[in-house]
Each structure stands twice: as C-alpha cells, then as structure tokens.
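*Asks:*
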Amino acid sequence: MSTSCDPAVPATVSDMAAAMNARHEVQRRAALDVFERAIGFDLPDQVRSVGMMPYYRELTRNEGPVCLIDGRQAIMLGSNNYLGLTTHPAVREAAARAVLEDGPSLTGSRLLNGTTTAHTALERKVAEFFGREDALVFTTGYQANIGVMTAFASPETTVVLDRHCHASILDGVRAARAQVECFPHNDVAALDQLLDRLVEQGPCMVMVDGLYSMEGDIAPLPGIAETCRRHGVRLVVDEAHALGVLGATGHGTEEHFGCPGLADLLTGTFSKSLASIGGWVAGSARVIDWMRFFGRSMVFSASMPPAQIAAASTALDLLRAEPWRVTRVNENGQTWREGLVRAGFVVGNSVSPIVPVTVGDDFTCLIVGKALLDAGVYVNPVVYPAVPRDKAMLRTSVMATHEPHHLATALEILETVGRKVGLLKG
Ligand SMILES: Cc1ncc(COP(=O)(O)O)c(C=O)c1O
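Using the numbering used here, the first residue of the sequence shown is number 68, and each one after it goes up by one.
(1) Touching or not, the segment 228–239 and the segment 387–397, by the rule of three or more beta carbon pairs under 8 Å?
(2) Which first and last residues belong to the beta strand (DSSP E) in which D201 is found?
(3) For the putative contact between S173 and A378, defined by C-beta atoms under 8 Å, what is the C-beta separation to the nearest angstrom?
(4) Out of L126, L110, A86, state which residue places its alpha-carbon closest to the alpha-carbon of L440.
(5) Tell me the rounded alpha-carbon separation between D259 and L310.
(6) Applying the criterion that 16 or more other CB atoms from any shown protein chain within 10 Å of the CB defines a buried residue, is A352 buried or exposed?
(7) Looking at C-alpha atoms only, which residue of T425, Y451, R241, V348 is the closest neighbour of R462?
(8) How many whole angstroms separate the CB atoms of A157 and T431, which I take to be in contact at a CB cut-off of 8 Å?
(9) CB-CB under 6 Å to C72, same chain, minus the five flanking residues each way: which ones, in chain order?
(10) Considering only heavy atoms of ligand 1, does any lie closer than 7 Å to the CB of A86?
(11) For W347, write down the residues that DSSP places opposite it in a beta bridge.
(12) So is G198 buried or exposed if we call it buried at 16+ other beta carbons inside 10 Å?
(13) Can we count H323 as close to ligand 1, meaning its CB is less than 7 Å from some heavy atom?
(14) Are the CB atoms of G277 and V304 within a distance shorter than 8 Å?
(15) Would you mind working out which of L150, D384, R177 sits nearest E470, comparing C-alpha positions?
(16) Under the criterion of a Cβ to heavy atom distance below 7 Å, does N212 qualify as lining ligand 1?
(17) From the DSSP secondary-structure annotation, give me the bridge partner or partners of C271.
(18) Assuming contact is defined by CB atoms lying nearer than 8 Å, are P289 and L329 in contact in what I supplied?
(19) Within the present structure, is the beta-carbon of D263 separated from the nearest heavy atom of ligand 1 by less than 7 Å?
(20) Can we count G208 as close to ligand 1, meaning its CB is less than 7 Å from some heavy atom?
(21) Evaluate the contact criterion for the segment 176–194 versus the segment 397–415: three or more CB pairs, one atom per stretch, below 8 Å.
(22) Considering only the beta carbon of each residue, do F205 and L383 sit closer than 8 Å?
(23) Can you tell me whether Q268 is buried or exposed, with buried defined as 16 or more other CB within 10 angstroms of its CB?
(24) From the DSSP output, read off the bridge partner residues of F250.
(25) Under 8 Å Cβ to Cβ from I213, same chain only, skipping five residues before and after it: list those, please.
(26) Which residue wins for smallest C-alpha separation from L332, given the options H473, N88, F102, A211?
(27) Can you tell me the Cα-Cα spacing of E479 and V114, whole angstroms?
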C-alpha cells in the first residue's frame with residue numbers, strides 16, 4: 068500500500084476501498100463483549116497510516132475565510148460560518164464580557180438554576196424574529212430536535228421524515244421510542260401517499276430540514292405544508308442551515324417561499340450562521356411551554372452558558388442590521404457553484420451556499436480531500452456510511468466574507484486536483 072498522498076496514485080484505490088469495506092463489516096458484527104467491535108475496528112488507523120484521515124483534523128484557527136492548519140493557510144470551504152460572524156468584534160466582545168461578568172457555566176438545567184434573564188431575552192428575540200408566539204433555547208441544536216421528539220412523539224406516534232433529514236431528528240425519534248417512516252427526498256407526492264396510509268393508523272407528525280446540509284437543496288415547503296394540513300398532521304421544520312441563508316433577510320425557508328408561518332414548529336441552531344452554539348425552537352405559546360416540561364433534553368441537561376447566549380444574541384442583531392451578509396453569501400454560493408459547473412464538476416441540485424461535489428469512490432474522495440488541503444483548500448470529504456456506497460462527495464460551503472480571489476484560487480486548485488484524479492476530463 069502506498070503512503071503517498073499524491074493524487075496520481077489511483078492504483079491503490081481498489082485495495083484501499085476493499086480494506087475499507089472489510090472494516091465496515093467489523094462494525095456490524097454483534098458480539099458478546101460489547102467492546103469487541105471497537106477493538107476490531109482499525110479502519111481509522113488504516114486511514115491515518117496513509118495520511119488520509121480527514122476527520123478530527125486539528126485546526127489552529129478555523130473562524131475566517133482562510134484557516135490555519137499545521138502552520139499553513141488554507142481557504143476555508145468547509146465551515147457553517149455562513150455569514151462570517153465568528154470574527155465580528157461585536158460578537159467576540161459580547162461573548163468575552165458575558166463570560167467575565169456572568170461566568171463560564173450556569174451549572175444546572177434550565178428547569179432549575181440554569182435560566183437567566185439573558186436566556187429569556189434571547190427567547191423573546193428568536194420568537195419575534197420568526198413571527199412566533201414563543202421560543203425555547205436549548206444547549207445545542209441536536210438537543211433541540213431531541214427535545215421536540217421527546218415532547219411530542221411517543222410509541223403510538225409515527226414520525227414521517229424526509230429520507231435526508233438530520234441525524235439528530237432520527238435520534239429524537241429513537242429517544243421517544245416512536246415509529247418512523249421516511250419518504251424519498253423532497254418527494255411531496257410520496258409524502259402524500261404515505262400520510263394517506265398512516266393517518267388511519269394513529270397520530271403522525273412530519274419533520275423535514277428547510278435547507279439540506281449535504282445537498283444544499285431546499286425542501287418544497289409550500290407543497291409539504293399543504294399536504295400536512297390536508298391530512299391534519301403537524302409539520303416541524305429544522306432551519307439549522309436556512310437561518311441567515313435563505314430568504315432576502317435570512318429568515319429562512321418560509322421567507323424563501325414568501326409564506327411566513329407555514330410550519331407548526333421551527334427548530335434550529337446558533338452554531339452555524341449565528342456564530343455560537345445552542346439550539347432553538349419557535350412556535351405557539353402552549354406548544355413551547357409543553358416542551359419546557361416534557362422535552363427531555365431541556366429538563367435533563369445543563370443550560371446554554373452566558374458567553375454563547377451573548378454571542379448568539381449579538382449575531383442575531385447583526386443579521387438584522389446587516390442583510391448584505393445574506394446577499395453576499397448567496398452571491399458567493401452562486402459564483403462558486405457556477406465555477407464548479409463550468410469546470411465540469413457534478414454538483415447535484417444545490418441552489419445555496421452549500422455545494423456538494425460528487426466524487427463517487429470513498430478512497431478517491433479521501434485522496435482528493437488531502438490533495439486539496441496540501442494545495443491550500445479545506446473541504447469536507449463525506450464517505451460511506453454518511454452517504455451511500457460509491458456516492459462519496461466533497462461538501463463545500465462558502466461564507467459571506469469570502470472575497471472573489473478566495474473563490475477563484477480555490478476553483479483553480481480544485482480544477483488542477485480534479486484533473487489529476489480523473490474527476491475532470493482533459
Ligand atoms: C440540520 C441540522 N439540524 C441540527 C443540527 C445540530 O445542531 P448543533 O450542531 O447545534 O447540535 C445540525 C448540525 O449539524 C444540522 O445540520
């Protein structure tokens with residue numbers, strides 16, 4: 068096996084792909100010793116040994132359009148910092164002030180000693196931003212989705228999900244011990260058929276992402292909402308990636324379609340456009356209040372710390388005050404996507420600043436990711452099981468603060484590497 072990361076060594080690809088497949092099998096095997104699968108799982112060591120491990124990579128600095136890794140700069144095309152607000156002085160100063168004045172942790176759950184006036188003020192701000200009666204702030208976006216499912220789904224409930232929904236939603240369904248049914252991605256007719264059958268059998272709810280984090284495409288929300296309404300089923304929309312990105316002023320998928328208030332409940336995160344960490348849910352007052360008491364991730368986990376509250380709140384103010392950032396990230400997305408298409412890359416159905424580049428084979432994807440990094444571009448290789456076999460891709464995403472020269476340089480590098488590995492002809 069070659070240890071070179073030169074993309075001009077595809078002879079090792081099939082060997083490595085076979086080794087990777089064999090090691091995925093180890094993961095599936097059941098054993099009496101619950102650690103046995105872990106002990107046999109040496110795929111990470113294999114990938115590290117050929118210098119291809121793209122995950123848990125240590126970044127010295129990650130927050131700008133250019134990041135720093137091992138003392139070298141790379142154009143950052145792998146973050147969710149869509150509006151570039153993690154570098155904004157007002158966000159940083161607010162977070163620093165909060166940690167100095169209010170401490171690093173509240174050491175308790177929201178239910179008990181972990182609610183401050185800052186939490187409640189942020190909840191008011193989120194509710195107002197989305198035109199809802201009330202909102203609830205969780206410690207992460209993951210926990211917000213667990214909270215929704217544990218509050219509203221039970222073993223009698225069928226939760227109907229788009230097949231590409233985020234893992235946190237599925238984990239929430241499992242935590243609620245509810246039943247799950249999936250419909251093909253963005254297929255409203257299939258959702259309709261599924262609900263025709265399921266609503267006869269018991270309580271149902273539907274959940275979709277607004278903007279899909281891997282494909283960069285958008286849920287057909289008007290059709291989905293109309294279908295849910297016709298069947299008398301509640302619709303929850305995860306706006307994690309849509310907030311700050313979709314709609315002229317970044318209000319998300321409802322604004323994108325010009326239909327405010329379409330969803331019964333919105334969830335999301337502060338960890339992408341809003342330069343912090345934490346989750347939120349926005350909806351009608353009684354529904355939100357129910358979650359305060361029955362969302363297990365709300366009740367049984369410590370609350371969002373002061374610095375993160377301050378950062379999220381300031382970033383939300385900046386999103387309102389500086390809508391040019393929403394325009395810029397979308398313009399940059401268009402420039403980037405069109406450049407990739409012109410060069411001959413396959414980018415799927417993306418219509419947003421998230422642009423997947425199809426690669427196919429897992430090991431080739433790791434090779435390309437490493438070659439790009441060596442040449443000064445950071446992207447996220449996504450391989451099986453995160454995507455189906457032979458559907459490996461590079462997830463790329465742009466920020467409002469990328470300048471034209473960043474995107475032009477990155478595209479040149481992608482073209483050079485793409486030609487070397489045979490993704491591009493000529
Ligand atoms: C669609 C979606 N929902 C929820 C989450 C979870 O958010 P957080 O990172 O704040 O836990 C993510 C994060 O990757 C996401 O992409």
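C-beta: ideal position from N, C-alpha, C; glycine also.
Please read these numbers as outputs of a predicted model, since none were measured by experiment.
*Replies:* A quick look at the data gives this:
(1) no
(2) 201–205
(3) Residue 173 is actually Leu in this sequence, not Ser. In fact, because the Cβ distance is near 15 Å, the residues do not count as touching under 8 Å.
(4) L126
(5) C-alpha separation (whole angstroms): 27 Å.
(6) Counting Cβ neighbours within 10 Å, A352 comes out exposed, since fewer than 16 surround it.
(7) For R462, the nearest C-alpha among the options comes from T425.
(8) In this structure, A157 and T431 do not form a Cβ contact; the two beta carbons are roughly 43 Å apart against a cut-off of 8 Å.
(9) Annotation note: pLDDT 35 at C72 (below 50); position unreliable, no value reported.
(10) no
(11) V204, G335
(12) Exposed, because fewer than 16 other Cβ atoms sit within 10 Å of the Cβ of G198.
(13) no
(14) yes
(15) L150
(16) yes
(17) T225
(18) yes
(19) No, the Cβ of D263 stays beyond 7 Å of every heavy atom of ligand 1.
(20) Indeed, a heavy atom of ligand 1 lies less than 7 Å from the Cβ.
(21) no
(22) Contact: no.
(23) That one is exposed.
(24) DSSP output for F250 lists D229 as bridge partner(s).
(25) Hits under 8 Å: S235, D238, G239, A242, G362, R363, S364.
(26) Check the Cα spacing between L332 and each of H473, N88, F102, A211: the tightest is with A211.
(27) 27 Å
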